[in-house]
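*Asks:*
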Amino acid sequence: MAAVFDKPTIRQRLAPMLQGFDGPLAFAVFLLACAGLLTMYSSGYANGARFYDHARNMLLAGSIMFVVAQIPPQRLLSFAVPLYLFGVALLVAVAVFGITKKGAKRWINLGVVIQPSEIMKIGMPLMLAWWFQKREGQLRPLDFLVAGVLLAIPVGLIMKQPDLGTALLVLAAGMAVIFFAGLPWKLVIPPVVLGLVAVGLIVGFESQLCADGVRWPVLHDYQQQRICTLLDPTKDPLGKGFHIIQGMIAIGSGGLLGKGFMQGTQTHLDFIPERTTDFVFAAYSEEFGLAGNLFLIVAFLFLVLRGLAIALEASTLFSRLLAGAVTMIFFTYAFVNMGMVSGILPVVGVPLPFISYGGTAMVTLGMGLGILMSIAKSKRLVQS
C-alpha cells in the first residue's frame, strides 16, 4: 500500500527528459565550451566580468537547449509560420522606427531592446523546412522560386540595416534548406561559377577597383572598404587594416604549440581589437598555436558531421531539412569567423561559436542545439 504513495525521485523524473539525448553531439559541445571558457578567462582577464558573463551565457544556452530538446519536431513544425511572420514584422518595424547605433539600425525597443534579425537565424530554416514539408512528393520549379522569395525578404531587410554578417548567416541557413530539398545542380553550378569569376576579377583588378573615388554599386561604402582592406591590408595598417594585420600576427606568433595559457603578448598588450568577441580566434591561436587550432577545427568538424548524421537519420523531411540547416549555421559561424580573422575573408560581425563572448549569439546556438537534440531524441524514441 505504501508503494502506491511513494513519490518518484528527481532522477526518475528527469530520466524521460534526458532519454534519447545525443551523447556524441553533447561531447563535441562540451569540448568547445571548455575551450571557450579557457580562452575567455585569458583574453578577458583585464575585464574579469567577461569570464563570468560568458559562463552565465553558456548556462543560459544549455538551459535553452534542454527546454527546446523537449519539444518534438511535430510541434516545432507548428511554430514555423508564426515565428517567420513575427520576425519579418519586427524587421519591418526596425526599418521604420528602429534604434540606430554606430550608423546601423538593427535594434527595436519593445520594453526590452532586442535585435530581431537574430530571430530569423532559426525562423528562416524553420519556415523553409515547413514549406518543403508541405510540398513533399509534388515539388515543382515554382516551389523553389517561392522558397527563394521567402528567403530574400528577411535577407534584404537585414542587409538594409545594414548587417552583412547576420544576413550571411540567414542566407546560408536558408540556402542549405533549399539545397537539401533537392535544388537541381543546373541551378547551383551557374551562380557558383559566376561567384568564382567575380572573385577572380576583383583580385585581378584590385588596384583599379579599390582606387580612391571608385564606388561599387549595391554595396555600402564600409562593405567595399572591408573587401579592399582584405585584398591589401597594408594600405592602411594603422586604420582599416589594423584588425586583420594584428590578427595574422597573433596567429603566426603562436607557432606550433602556442605561447601558453595567459602568455599571449598580442592579447594582453591590447594589440588585438575585439579580442573577446569577433577576434577571439586570434587570441586563442596565439596561446595554443597550431595544435590548439587543429583541436578546435576537429571539434567543429565533429559537431558538423554529427549534426549531418542526425539529419540523415531523421524520420521526416521537415526534420531532415531543419537539422541540416541548423548544422550548416554552425559551420558558417566557424568558417566565416576563422576565415576573417586569418585574412582570407572580409571582416564581418560573426562570432566563433562557444568561444566568442556574446549573449544573443549564445541563445541562438542553444536553440539550434536544442533542435538537433529534439530531432535525435524523436528518432531514438521511435526506434525504442
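So for the sequence shown, the numbering used here puts the first residue at 3; every next one is plus one.
The beta-carbon is built from N, C-alpha and C at its ideal position, and this holds for glycine as well.
So G254 and G291 are in contact, right, with Cβ under 8 Å, and what is the actual spacing, rounded?
*Replies:* On the sequence shown, residue 254 is found 252 positions in, with the first residue counted as 1. On the sequence shown, residue 291 is found 289 positions in, with the first residue counted as 1. At roughly 10 Å, the Cβ-Cβ gap does not stay under 8 Å, so G254 and G291 are not in contact.
*Asks:* Would you tell me roughly how many angstroms separate the C-alpha atoms of I66 and Q248, rounded to the nearest one?
*Replies:* Position 64 of the sequence shown, counting from 1, holds the residue named residue 66. Position 246 of the sequence shown, counting from 1, holds the residue named residue 248. Roughly 36 Å between the two C-alpha positions.
*Asks:* Would the stretch 148-164 count as touching the stretch 113-131 if we require 3 or more Cβ pairs under 8 Å?
*Replies:* These segments touch.
*Asks:* Going by beta carbon distance, what residues of the same chain come within less than 7 Å of F333, once the five residues before and after it are set aside?
*Replies:* As a working mapping, residue 333 is identified with position 331 in the sequence shown. The residues are V306.
*Asks:* Specify the secondary structure class of W109 as computed by DSSP and reduced to three states.
*Replies:* Along the sequence shown, one-based indexing puts residue 109 at 107. Three-state result, W109: strand.
*Asks:* What are the start and end residues of each continuous alpha helix (DSSP H) run of 4 or more residues lying completely inside the stretch 260-325, in chain order?
*Replies:* Those alpha helix (DSSP H) runs which fall completely within the stretch 260-325 and span 4+ residues are 267-270, 282-315.
*Asks:* Helix, strand or coil for K103? Go by DSSP, reduced to three states.
*Replies:* If you number the sequence shown from 1, residue 103 lands on position 101. Three-state DSSP puts K103 in a strand.
*Asks:* Just list the residues that DSSP pairs V115 with in beta bridges.
*Replies:* Along the sequence shown, read from residue 1 onward, the residue named residue 115 stands at position 113. Bridge partners of V115: N111.
*Asks:* Less than 8 Å between C-beta atoms, sequence neighbours within five positions excluded: which residues of the same chain meet that for R217?
*Replies:* Numbered from 1 along the sequence shown, position 215 holds the residue referred to as residue 217. The answer, listed in chain order, is D223, Q226.
*Asks:* Note down, one range per segment and in chain order, each alpha helix (DSSP H) of at least 4 residues found wholly within the stretch 343-385.
*Replies:* The qualifying runs are 361-385.
*Asks:* Can you tell me whether N49 is buried or exposed? The criterion is at least 16 other CB atoms within 10 Å of its CB, across all chains shown.
*Replies:* Translated into positions along the sequence shown, residue 49 becomes position 47. N49 comes out exposed.
*Asks:* Using 8 Å as the threshold, is the stretch 295-306 in touch with the stretch 265-279, meaning 3 or more CB pairs across them?
*Replies:* No, the stretch 295-306 is not in contact with the stretch 265-279.
*Asks:* On the premise that V201 lies in contact with L233, defined as a C-beta separation below 8 Å, what is that separation, rounded to the nearest angstrom?
*Replies:* Numbered from 1 along the sequence shown, position 231 holds the residue referred to as residue 233. Numbered from 1 along the sequence shown, position 199 holds the residue referred to as residue 201. Not confirmed; about 10 Å, so no contact.
*Asks:* With 16 as the cutoff for other CB atoms within 10 Å, does V6 come out buried or exposed?
*Replies:* For the purposes of this step, residue 6 is taken as the residue at position 4 of the sequence shown. For V6, the predicted model reports a pLDDT of 49, less than 50, meaning its position is unreliable; a value from the coordinates is still stated below. Exposed: under 16 other Cβ atoms inside 10 Å.
*Asks:* How big is the Cα-Cα spacing for L310 and W109?
*Replies:* Numbered from 1 along the sequence shown, position 308 holds the residue referred to as residue 310. Numbered from 1 along the sequence shown, position 107 holds the residue referred to as residue 109. So the two alpha carbons sit approximately 33 Å from each other.
*Asks:* Taking one C-beta from the stretch 313-327 and one from the stretch 69-82 each time, how about it: are there three or more such pairs within less than 8 Å?
*Replies:* A contact exists between the stretch 313-327 and the stretch 69-82.
*Asks:* Is it right to say C36 is buried, meaning 16 or more other beta carbons lie within 10 angstroms of its own, or is it exposed?
*Replies:* One-based indexing of the sequence shown puts residue 36 at position 34. So C36 counts as exposed.
*Asks:* Indicate whether the contact test is met: 3 or more Cβ pairs, each with one atom in the stretch 345-354 and one in the stretch 163-177, closer than 8 Å.
*Replies:* Flag = yes, the stretch 345-354 and the stretch 163-177 touch.
*Asks:* Assuming I346 and Y286 make a contact with CB atoms under 8 Å, what is their CB distance in whole Å?
*Replies:* Sequence index remark: in the sequence shown, residue 346 carries index 344 (1-based). Sequence index remark: in the sequence shown, residue 286 carries index 284 (1-based). That pair is no contact at about 17 Å.
*Asks:* So, for A327: in the same chain, excluding its five sequence neighbours on each side, which residues have a beta-carbon less than 6 Å away from its beta-carbon?
*Replies:* Looking up residue 327 in the sequence shown gives position 325. So the qualifying residues of the chain are P127, A175, A178, V179.
*Asks:* N424: buried (16+ other C-beta within 10 angstroms of its C-beta) or exposed?
*Replies:* Because the chain in this structure spans residues 3 to 386, residue 424 falls outside the shown range and cannot be described.
*Asks:* When burial is assigned at 16 or more other CB atoms within 10 Å of the CB, is Y54 buried or exposed?
*Replies:* Here residue 54 corresponds to residue number 52 of the sequence shown, with the count starting at 1. With fewer than 16 other Cβ atoms within 10 Å, it is exposed.
*Asks:* Determine the burial state of W133: buried for a count of at least 16 other Cβ atoms within 10 Å of its Cβ, exposed for fewer.
*Replies:* Here residue 133 refers to the residue found at position 131 when the sequence shown is read from its first residue. With 16 or more other Cβ atoms within 10 Å, it is buried.
*Asks:* What would DSSP say about K188, mapped onto helix, strand or coil?
*Replies:* Counting from one through the sequence shown, the residue named residue 188 turns up at place 186. The answer is helix: DSSP assigns K188 an H, G or I state.
*Asks:* Let's test the definition: count the other Cβ atoms within 10 Å of the Cβ of I394 and tell me whether it reaches 16, buried, or not, exposed.
*Replies:* This structure does not reach residue 394, given that the chain is present from 3 up to 386, and the question cannot be answered.
*Asks:* What does the Cβ neighbour count give for T366, buried or exposed, with the cut at 16 atoms within 10 Å?
*Replies:* Walking along the sequence shown from the start, residue 366 turns up at place 364. T366 is buried by the Cβ-count criterion.
*Asks:* Pick from A183, K104, N111, L171: whose alpha carbon is nearest that of L141?
*Replies:* The residue labelled residue 141 in the question sits at position 139 within the sequence shown. The shortest C-alpha separation from L141 is found at A183.
*Asks:* Provide the residue span of the alpha helix (DSSP H) that contains R58, from first to last.
*Replies:* For the purposes of this step, residue 58 is taken as the residue at position 56 of the sequence shown. Counting along the chain, the alpha helix (DSSP H) containing R58 begins and ends at 51-71.
*Asks:* What's the gap between the Cα of G243 and the Cα of L92?
*Replies:* The count along the sequence shown starts at 1 and reaches residue 243 at position 241. The count along the sequence shown starts at 1 and reaches residue 92 at position 90. Computed Cα separation, rounded: 35 Å.
*Asks:* Could you pull the start and end residues of the alpha helix (DSSP H) that Q210 belongs to?
*Replies:* Taking the sequence shown and counting its residues from 1, one reaches residue 210 at position 208. Taken as a continuous stretch (DSSP letters only), the alpha helix (DSSP H) holding Q210 covers 208-211.
*Asks:* I need the straight-line Cα distance from L221 to D24, nearest angstrom please.
*Replies:* Indexing the sequence shown from 1 puts residue 221 at position 219. Indexing the sequence shown from 1 puts residue 24 at position 22. Distance between the alpha carbons of L221 and D24 is about 42 Å.
*Asks:* Given that a residue counts as buried once 16 or more other Cβ atoms are within 10 Å of its Cβ, and exposed if not, what is E138?
*Replies:* The residue you call residue 138 lines up with position 136 of the sequence shown. Flag for E138 reads exposed.
*Asks:* By Cβ distance, which residues of its chain are closer than 7 Å to Y43, with the 5 residues on each side in sequence left out?
*Replies:* Counted from its first residue, the sequence shown places residue 43 at position 41. If we look at Y43 and ignore the five residues flanking it on each side, its Cβ neighbours are F53.
*Asks:* Are I124 and G360 touching if we call contact CB-CB under 8 Å?
*Replies:* The sequence position of residue 124 within the sequence shown is 122, counting from 1. The sequence position of residue 360 within the sequence shown is 358, counting from 1. Against a cut-off of 8 Å, the Cβ pair of G360 and I124 comes out as no contact.
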